[in-house]
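Under my numbering, the residues of the sequence shown are numbered 33 to 274, in order. The C-beta atom is built at its ideal place from N, Cα and C for all residues, glycine as well.
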Amino acid sequence: ASKPAATTQCVGPNYRTESQKPTATVSTPVDYETVTVLPQTPQLIALLSIIRDKKTDRGDFIFYSNRIIRLLVEEGLNHLPTVERSVTTPVGRPYAGLQFEGKICGVSIMRAGEAMEQGLRDCCRSVRIGKILIQRDEESAQPKLFYDKLPEDIASRWVMLLDPMFATGGSAIMAVEVLKSRGVPEERIVFLNLIASPEGVGNFAKKFPKLRVVTAFIDEGLDEKNYIVPGLGDFGDRYYTM
Ligand code: PRP
Ligand code: URA
């Protein structure tokens, strides 16, 4: 029997060496300490391949986007502060563990960011959620702020900012300006996002050098309409209406 070629190892977390991976499955490297890209496991790449596929129907798009959102929330929680917590186990042994310190809330950038609220609720029981309605102009891609409703005590909370698409960065920057105007320091904001562009990440990191970003993947760039490429199209349309 013929042996599989040495380049086709397909099993396990190291399913391909870096040089053997198709370019489009390798997140664009960026050099900002505040930006965390999820571990590039075969599971994540398979999930991203489903939601990027234009033939994926709305039901699958929702299901598989939600899977990635859950991974983002789980990673985002690792960026919150903790203090020591010692407990005694039922067999009478001490266990020197940890607990989260400080209150959190979610803030979604409407409409697409609302798709990430349930993932946060699934991990953080009774979490408060605020909303900021920002819409990008279809022609100019400039963001416009329409509305916000945020917890009154947001200045004393850590904020998980939610938006799946991070293209020029204009909408996210506008949302952070709103949060800062309500007294939230940028170092207490964690921005969770599915797909980013290198331009968006760069603009954002230069403007907010202490704000943490957790993303599943940094794509190649933007097209002439400021859509992320290869991207997945319009997330809000695919999740809510198509
Ligand atoms: C999308 C997306 C972001 C924004 C990203 O929202 O959800 O909010 O565009 O682009 P940017 O980084 O260039 O600002 P859109 O305004 O299309 O509204 P939607 O959520 O209703 O789809
Ligand atoms: N908004 C989206 O939904 N997709 C993009 O690629 C850019 C902005």
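Separation of residue j from residue i, as counted between CA atoms
{"i": "T57", "j": "K87", "result": "19 Å"}
{"i": "T200", "j": "D269", "result": "19 Å"}
{"i": "Q174", "j": "E209", "result": "15 Å"}
{"i": "E116", "j": "G134", "result": "13 Å"}
{"i": "R214", "j": "V139", "result": "13 Å"}
{"i": "A37", "j": "P74", "result": "At A37, the pLDDT of 48 sits below 50, so the modelled position is not reliable and the matter cannot be decided from this model."}
{"i": "M161", "j": "G151", "result": "As written in the sequence, residue 161 is Ile, which differs from the Met given in the question. If I take the Cα positions, the gap works out to 12 Å."}
{"i": "M148", "j": "D195", "result": "7 Å"}
{"i": "L112", "j": "V159", "result": "14 Å"}
{"i": "D266", "j": "R84", "result": "10 Å"}
{"i": "R90", "j": "S81", "result": "15 Å"}
{"i": "K257", "j": "D169", "result": "11 Å"}
{"i": "L243", "j": "V123", "result": "42 Å"}
{"i": "F95", "j": "F198", "result": "20 Å"}
{"i": "T66", "j": "P241", "result": "7 Å"}
For residue i, the first and last residue of its enclosing alpha helix (DSSP H)
{"i": "N225", "result": "Note, N225: premise wrong, no alpha helix (DSSP H); beta strand (DSSP E) at 221–228."}
{"i": "A248", "result": "Unbroken run through A248 is the beta strand (DSSP E), 244–250; no alpha helix (DSSP H)."}
{"i": "M206", "result": "202–213"}
{"i": "A78", "result": "74–84"}
The ligand PRP heavy atom lying under 7 Å from the CB of residue i
{"i": "P126", "result": "no"}
{"i": "S203", "result": "yes"}
{"i": "A199", "result": "yes"}
{"i": "P217", "result": "no"}
{"i": "M192", "result": "no"}
{"i": "R168", "result": "yes"}
{"i": "G263", "result": "no"}
{"i": "M274", "result": "no"}
{"i": "N258", "result": "yes"}
{"i": "G162", "result": "no"}
CB contact below 8 Å: residue i versus chain C
{"i": "R117", "result": "This model lacks chain C altogether; it includes just one protein chain."}
For residue i, the residue or residues it bridges with in DSSP
{"i": "F267", "result": "Its beta-bridge partners do not exist; DSSP assigns none."}
{"i": "F198", "result": "A228"}
{"i": "D180", "result": "I164"}
{"i": "R189", "result": "K135"}
{"i": "G253", "result": "V261"}
Any non-hydrogen atom of the ligand URA closer than 7 Å to residue i Cβ
{"i": "G232", "result": "no"}
{"i": "G253", "result": "no"}
{"i": "Y271", "result": "no"}
{"i": "F93", "result": "no"}
{"i": "G145", "result": "no"}
Delimiting residues of the beta strand (DSSP E) encompassing residue i
{"i": "T68", "result": "67–69"}
ask   = In chain order, which beta strand (DSSP E) runs of at least 3 residues are fully inside the stretch 104–175?
value = 114–120, 126–132, 135–142, 160–168
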